[in-house]
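Residue numbers (this note's numbering): 348 to 863.
Quick reminder that beta carbons are idealized off the backbone N, C-alpha and C, glycines included.
Rendered as structure tokens:
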């Protein structure tokens, strides 16, 4: 695995007005050179795992120009006689590795699905093995706090963001300005052709749901079946984006509190969890909460809020309760320490990709402060989303117009609808996003609701797995309005519910990769 600098930031939207969908302009004809499959360096002895490199244009507007490399891995179907084709897969991010997703695909996808499909994953341009975005370590380590107090701090963030963009562009080269989702979608279409599929079969989760949505928008006649799990809503302006994100994190927090109230195995059972939490925040406000990673420094409220968000993904409620109890009592709870970054430049996943997909017009500290107050109103305990708000600030000053601006989805004339999945209590891609994406798609999508918790729906139960497998294999959709019962986490779990390359650690020892 490559050494990466991963940032526990967030997602955010941008235009205050919804714009119309970009036209699906047909690029000049481009045919990728044939893929040359070879053993993967990660496991050269595994004959079912192969790797290759796809050459695509740096700028799809000039397909005869310079090329960039996209790393690809496939895990071969387990029953060649039953093979249907390739299932292109994407674990989200932005910045997630589809190559890793394919390598570990047997831990995530059902045996029946793997029997019928080659699992084909790719690292999107600018990520991991695909010409990663590189930036100076020294500059990245100066990343400013997203909690701003005055116009001077606001201006300093804008200036820093500009320095970082220029630095990353210098170290990365021309591909830095072409890592937006529309470019990735065209890479996907080139990959579909390169693996020999007439139409695309796709599964994408989290930020990878946007790949599926926009592929269907750009190439509706080339879609066989697309599953979008835990959906993005790429239509919202800055305010609505931040409020929907803050509300879904607050919802996950309330679900955790309710679980502790009814579950004897919760370490906080019988206590006033909200009062304990607000007490911890008050200690952090006063500078009296030691940083568990560095006892010489105090934790700020934003550090504490960001730290616990990962527990909502599994969800890993039992260890979260133990950690909050330890913090309240002043007991240590960490055994691992974060590893220092090494070298002069580091791979900086996700930020360039996200800021080319979203426009972030926040004028000044007055508008920023109003957005803070609005988030506090919908999320009085969590205050904001530690996914959304930091990246909002990290994209301040990004050039406009962006390559892939927000817009309502306009998908027409598919052979069959997309299959959307969303959890009712998802801390990252909230049900408010999934239902709104389904509304935009109309009859071109069917939404399955998981009446449970956590991020990512496929594989949580037979009810969430079987409809996806049946759709991808036999093209049979579940009934509209299908709901799957939630599977409540058991007390005492110390890891996420299921092994997967998607699950974040319950309590990260370093800052995490972009979490969508």
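Beta carbon of residue i nearer than 8 angstroms to that of residue j
i	j	result
residue 714	residue 593	no
residue 476	residue 470	yes
residue 395	residue 434	no
residue 692	residue 557	no
residue 543	residue 551	no
residue 514	residue 553	no
residue 697	residue 440	yes
residue 571	residue 536	no
residue 647	residue 631	yes
residue 431	residue 445	no
residue 665	residue 702	no
residue 818	residue 487	no
residue 504	residue 743	yes
residue 756	residue 564	yes
residue 449	residue 590	no
residue 774	residue 595	yes
residue 405	residue 522	yes
residue 711	residue 501	yes
residue 740	residue 706	no
residue 636	residue 651	yes
residue 628	residue 671	no
residue 659	residue 733	no
residue 462	residue 453	no
residue 751	residue 529	yes
residue 827	residue 793	yes
Rounded separation between residue i and residue j - CA only
i	j	result
residue 807	residue 796	12 angstroms
residue 585	residue 517	29 angstroms
residue 830	residue 798	7 angstroms
residue 837	residue 644	35 angstroms
residue 738	residue 429	44 angstroms
residue 393	residue 694	28 angstroms
residue 382	residue 376	18 angstroms
residue 582	residue 677	44 angstroms
residue 308	residue 780	Nothing can be reported for residue 308: it is not among the residues displayed for the chain, which extend from 348 to 863.
residue 765	residue 639	44 angstroms
residue 426	residue 459	10 angstroms
residue 578	residue 769	7 angstroms
residue 723	residue 783	23 angstroms
residue 526	residue 409	15 angstroms
residue 538	residue 745	30 angstroms
residue 386	residue 421	10 angstroms
residue 842	residue 725	With a pLDDT of only 36 at residue 842, under 50, the local geometry of the prediction cannot be trusted, and the value read off the model is given with reservation. For residue 842 and residue 725, the distance between alpha carbons rounds to 30 angstroms.
residue 479	residue 615	43 angstroms
residue 372	residue 566	The predicted position of residue 372 is uncertain, since its pLDDT is 48 and thus under 50; a value taken from the coordinates is nonetheless stated next. So the two alpha carbons sit approximately 10 angstroms from each other.
residue 457	residue 496	50 angstroms
residue 419	residue 442	15 angstroms
residue 656	residue 380	43 angstroms
residue 804	residue 618	31 angstroms
residue 754	residue 512	25 angstroms
residue 576	residue 785	12 angstroms
residue 700	residue 611	44 angstroms
residue 370	residue 561	Bear in mind that the predicted position of residue 370 carries a pLDDT of just 44, short of 50, making it unreliable; the figure below should be weighed with that in mind. Cα-Cα distance, rounded: 11 angstroms.
residue 662	residue 801	5 angstroms
residue 605	residue 835	12 angstroms
residue 520	residue 532	21 angstroms
residue 809	residue 397	30 angstroms
Identity of the residues DSSP links to residue i by a beta bridge
i	result
residue 796	769 and 830
residue 548	572
residue 464	432
residue 637	645
residue 474	477
residue 469	419
The region 456-475 touching the region 412-425, judged by at least three CB pairs closer than 8 angstroms: The count of Cβ pairs closer than 8 angstroms, one atom from the region 456-475 and one from the region 412-425, reaches three, so the stretches are in contact.
Count the CB pairs spanning the region 453-468 and the region 822-830 that are closer than 8 angstroms, and state whether there are at least three. No: the two stretches stay apart, fewer than three of their Cβ pairs being nearer than 8 angstroms.
Sequence ranges, beta strand (DSSP E) only - wholly within the region 477-501, length at least 3: Counting whole runs of 3 or more residues, the region 477-501 contains the beta strand (DSSP E) stretches 481-483.
List in chain order: all unbroken alpha helix (DSSP H) runs of 4+ residues lying wholly within the region 383-450. Whole alpha helix (DSSP H) segments, 4+ residues: 445-450.
Just to confirm the assignment: which complete beta strand (DSSP E) runs, minimum length 3, are found wholly within the region 648-735? DSSP runs (the beta strand (DSSP E)) wholly in the region 648-735: 692-694.
Alpha helix (DSSP H) segments (min. 4 residues) lying fully within the region 579-614: Here the runs fully enclosed are 585-609.
Minimum length 3: unbroken beta strand (DSSP E) runs contained in the region 508-555: Listed in chain order, they are 547-552.
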